[in-house]
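S.K.: In the working numbering, the protein residues as written are 1 to 210.
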């Protein structure tokens, strides 16, 4: 089996990808913008949702699992509608990768149970999308990320190599503000940033997938 990494904006997306076999999750953010706001929002959504699981009993946890699993029926519903058939999907119907909706719900329920216990995803969770400065990287680490992806946007900055090294140092010393401040000096201008919220919906990468 080949490990793979998937993006997620919230706990539902993350858990579905883990059930499919993802070995790593990353925040989607909005790539190519230099705008870390969306990555921060996605991480906050994930963190808060995980914290909320602590107060859920098994019945409620299974209810969350079935809601998360229901997204897998979207494709089957669309196909049946296109064929002029009844779009209702039953628990025994195979909906994805040979699994029934009931199989998926049970699998996600087990994953949610583990997340509730350990209070984090069962795979590593990296920050991605809009990470353009050492401060961005340190912030995402402080929010609980296991690491940071720096995209190709860094090559649009004034000094990519120096900036890249500074971001690595900021990740390694994210809890030391003086070090983060020091490595942020003299690294040149960052890429010209874009406001992710001002982008047309059809141009936003983060809204793709489910």
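For each residue, glycine too, the CB sits at the ideal point set by N, CA and C.
All values derive from a computational prediction rather than experimental measurement.
Taking the alpha carbon of residue 158 as the point to measure from, which residue in 8, 186, 97, 118 has its own alpha carbon closest?
M.R.: Residue 186 is the option with its Cα nearest to residue 158.
S.K.: In chain order, which alpha helix (DSSP H) runs of at least 4 residues are fully inside the region 48 to 132?
M.R.: Counting whole runs of 4 or more residues, the region 48 to 132 contains the alpha helix (DSSP H) stretches 58 to 70, 73 to 82, 101 to 118.
S.K.: Straight-line CA distance for residue 140 to residue 80?
M.R.: Their backbone Cα atoms lie some 42 Å apart in a straight line.
S.K.: Alpha carbon to alpha carbon, what distance is there between residue 109 and residue 64?
M.R.: Looking at the two C-alpha atoms, the distance is approximately 8 Å.
S.K.: May I have the straight-line CA-CA distance separating residue 26 from residue 93, to the nearest angstrom?
M.R.: About 31 Å.
S.K.: Let's test the definition: count the other Cβ atoms within 10 Å of the Cβ of residue 134 and tell me whether it reaches 16, buried, or not, exposed.
M.R.: So residue 134 counts as buried.
S.K.: Around the C-beta of residue 128, are 16 or more other C-beta atoms found within 10 angstroms, so that it is buried, or is it exposed?
M.R.: Per the 10 Å Cβ criterion, buried.
S.K.: Buried or exposed for residue 12, please, with buried defined as at least 16 other CB atoms from any protein chain shown within 10 angstroms of its CB.
M.R.: It is buried - the Cβ of residue 12 has at least 16 other Cβ atoms within 10 Å.
S.K.: Let me check understanding here. Comparing Cα to Cα, which of 120, 16, 107 lies closest to residue 145?
M.R.: If we check each option's Cα against that of residue 145, 120 comes out closest.
S.K.: What span of residues does the alpha helix (DSSP H) with residue 7 cover, start to end?
M.R.: Premise fails: residue 7 lies in the beta strand (DSSP E), 5 to 8, not in any alpha helix (DSSP H).
S.K.: What did DSSP end up calling residue 148 once you bin it into helix, strand or coil?
M.R.: Strand, per DSSP.
S.K.: I need the DSSP call for residue 25, collapsed to helix, strand or coil.
M.R.: Strand, per DSSP.
S.K.: Just verifying my parser: in three-state terms, what is the DSSP assignment at residue 157?
M.R.: In the structure shown, residue 157 sits in coil (DSSP, three-state: anything other than H, G, I, E or B).
S.K.: Here's a check: name, in chain order, each residue in its chain whose Cβ is nearer than 8 Å to the Cβ of residue 40, leaving out the five neighbours to either side.
M.R.: For residue 40, where only same-chain residues beyond five positions count, the Cβ hits under 8 Å are 139, 140, 143.
S.K.: Take residue 115 and list the residues in its own chain whose beta-carbon comes closer than 7 Å to its own, dropping the five residues that flank it on each side.
M.R.: If we look at residue 115 and ignore the five residues flanking it on each side, its Cβ neighbours are 50, 53, 121, 122.
S.K.: Whose C-alpha, out of 150, 160, 189, 155, is nearest the C-alpha of residue 171?
M.R.: Closest option to residue 171, Cα to Cα, is 150.
S.K.: Which residue wins for smallest C-alpha separation from residue 103, given the options 62, 7, 169?
M.R.: Selected option, being the one with the closest Cα: 62.
S.K.: Hey, quick one: how far does the alpha helix (DSSP H) through residue 186 stretch, first residue to last?
M.R.: Careful: residue 186 lies outside any alpha helix (DSSP H) and carries neither H nor E.
S.K.: Taking 7 Å as the cut-off, decide whether the C-beta atoms of residue 190 and residue 99 are in contact.
M.R.: Contact: no.
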